[in-house]
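Notes follow the structure.
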Amino acid sequence: METYILVLDSFISILLFGPLASSFWRGTWGLADLYIFPENRLLSLCASLVCGLLIYLTAIILQTQLTSLNKKMNSPVFYVVSRLYSYILGVAIINYWRGLWGLVDLSGFTLQSAGLTTVISTIALVLCRGSSNSLGPPLFTITDLGRKDYFKITTLFKTKPGPSLRFYLDSCFSVVFVTGFAITQWRGLWNLLDLLLAPDDVFQSAWLSLVAGNILAVLLFIIQWPVMWFAGKIRRLPQTNAEFIGLLGIEDLMTFCGTLASVLVWRGCWYLYDQCLIVHNTDLSLWVSHGVAMVIGMVTLHYPTLMLNGLFMDGEVINSGDKTFFDTKFISNFTQYSVDAYKKKFERKQRKARAVNIEEEKLLVTDKLILHKDVNHNASMNDTNF
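Residue numbers (the working numbering): 620 to 1005.
Right, here's the structure in full:
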């Protein structure tokens, strides 16, 4: 049953979260183009870059304080604060991407520029073991079920959050360099597709991109099972550098193919929205694209899927022992959450029942002591009278 649910999750991710993420990013990106210094392109990009970067870093640095506040909130307050936090962070991350992407675009819209950007950023991500951070929906989903770790944002080296130089350096490296290279890799792949995939017909290019991306995603979802099985076999061999590098190579290859599939799907959906969604009113089209995706993401409790926040180090997935390489759990998340919630409720009932039993035993012992004292007292009185 678990296998069937995982397969179903994969198709839900393709049909829902790929188009949903593209819609949210298109709307937010386009609205930034419209409202952030539209008369000055360079100033607009710099403002997006600086504001987005600072908000993202602030959210990472303050996660401990936010987690402490989380424990003091009641459920309604938490729900409002957490969704507002997520929305602001999501918009900030998109603006960071928009700013850096646009500034790199100033270098030129050519095959050479796009190719060099793709090659350099891909090599850099491999060397710093950050390739997995370039993946996007439909190749992964993130749930916001529960509240314990809601404000937690992982950094590349998993440094413990706190007021330490190591944590600050890890945060800056993760956001500025690793995320920055992921942005430029996406920019390079996107521009290559613009230049090579039916460049004279946007509508045809969009459909080709969407179909190719979904086909590649389906193929990756199929081969991920034997890949993880094969990785498990390799892990059982004696630990050597060759084995370690081999597993990393497998993960990097799967990740790059997954990134290409994500770019293809997003690009196809993005351009189809441009061509088909309220084309006579650009402002309304962007607001609808932004708002509908945001609402669906929050209602399905998978809004973090649209944000692309948090970082992971290459090697974590391939060595995890999971059945699947790409984490696209949707139904599985709700099922697991329901099971965990039931277990916690059952454990609370058991603790309460044990506490009641202990109190009853205490009362019984107390009653016996009182009765024993009364008997002794009566006996003593009888002896005295005698």
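Glycine is no exception: its CB is placed at the ideal position from the N, C-alpha and C atoms.
Across the structure, ASP789 and VAL884 are spaced so that their CA atoms are roughly 31 angstroms apart.
One alpha carbon belongs to ALA825, the other to GLY832, and they sit about 10 angstroms apart. Of the candidates VAL738, ALA801, TYR787, ALA801 places its Cα closest to the Cα of TYR715. About 7 angstroms separates the beta carbons of ARG854 and ASN938, which is inside the 8 angstroms limit, making them a contact pair. Note on geometry: alpha-carbon atoms of MET917 and GLU980 lie some 49 angstroms from one another. Here the alpha carbon of TYR675 sits roughly 16 angstroms from the alpha carbon of THR924. A distance below 8 angstroms separates the beta carbons of SER753 and GLN804. Here the alpha carbons of SER951 and GLN731 stand approximately 43 angstroms from one another. Membership of LYS690 in the alpha helix (DSSP H) is indicated by the continuous run 682-691.
When DSSP states are grouped into helix, strand and coil, PHE931 belongs to the coil group. Taking 4 residues as the minimum length, the alpha helix (DSSP H) runs contained wholly in the stretch 845-913 are 860-895, in order along the chain. Using a Cβ-Cβ distance cut-off of 8 angstroms, the stretch 657-670 and the stretch 716-723 are in contact, since at least three pairs of beta carbons, one from each stretch, lie closer than that value. In the displayed model, THR947 falls within coil according to three-state DSSP, outside both helix and strand.
Around THR737, the same chain offers GLN804, GLY807, LEU808, LEU811 as residues with beta carbons nearer than 7 angstroms, after the five sequence neighbours per side are excluded. Exclusion of the five residues before and after ALA651 leaves SER667, ASN714, ARG717 as the residues of its chain whose Cβ lies within less than 7 angstroms of its Cβ. Judged by DSSP secondary structure, ARG717 falls within the alpha helix (DSSP H) whose first and last residues are 694-724.
Contact between LEU920 and ASP763 holds, with the beta-carbon distance rounding to 5 angstroms and staying under 8 angstroms. Counting only residues of its own chain and dropping the five nearest sequence neighbours on each side, PHE759 has a CB closer than 7 angstroms to the CB of PHE945, ASP946, THR947.
Counting the other CB atoms within 10 Å of its CB gives MET620 a total below 16, which places it among the exposed residues. Listed in chain order, the non-local C-beta contacts of PHE697 below 7 angstroms within the same chain comprise ASN689, ARG766, local neighbours out to five positions each way being set aside. For PHE630, the enclosing alpha helix (DSSP H) has its first and last residue at 621-631.
One Cα belongs to VAL911, the other to THR859, and the distance between them is close to 50 angstroms. Ranking VAL821, ALA640, LEU627, PHE796 by CA distance to the CA of SER881 puts ALA640 first. Short of 6 angstroms from the beta carbon of ARG785, and not among the five residues preceding or following it, lie these beta carbons of its own chain, in chain order: THR778.
Close CB contacts of LEU744 within its chain, under the 6 angstroms cut and outside five residues either way in sequence, are with SER750, PHE800 (chain order).
The beta carbons of ILE772 and ASN928 sit closer together than 8 angstroms. Going by C-alpha positions, GLY649 is about 11 angstroms away from VAL907. When DSSP states are grouped into helix, strand and coil, GLU966 belongs to the helix group. Excluding five sequence positions before and after THR729, none of the CB atoms of its chain fall closer than 6 angstroms to its own CB. Taken atom to atom, the span from the alpha-carbon of GLY637 to that of GLN969 is near 43 angstroms.
Our two residues, GLY940 and GLY865, have alpha carbons roughly 16 angstroms apart in a direct line.
By the 16-neighbour rule on beta-carbons within 10 angstroms, PHE849 is exposed.
If the five residues before and after VAL846 are omitted, its C-beta is found closer than 7 angstroms to the C-beta atoms of ILE869, MET873, PHE944, all from its own chain and listed in chain order. When the alpha-carbon of THR622 is set against those of ILE712, PRO757, LEU775, ILE841, the nearest one is in ILE841.
In the DSSP assignment, GLY807 falls within the alpha helix (DSSP H) that extends over 798-815.
Within the model, the alpha-carbon separation for ILE834 versus ALA817 is close to 18 angstroms.
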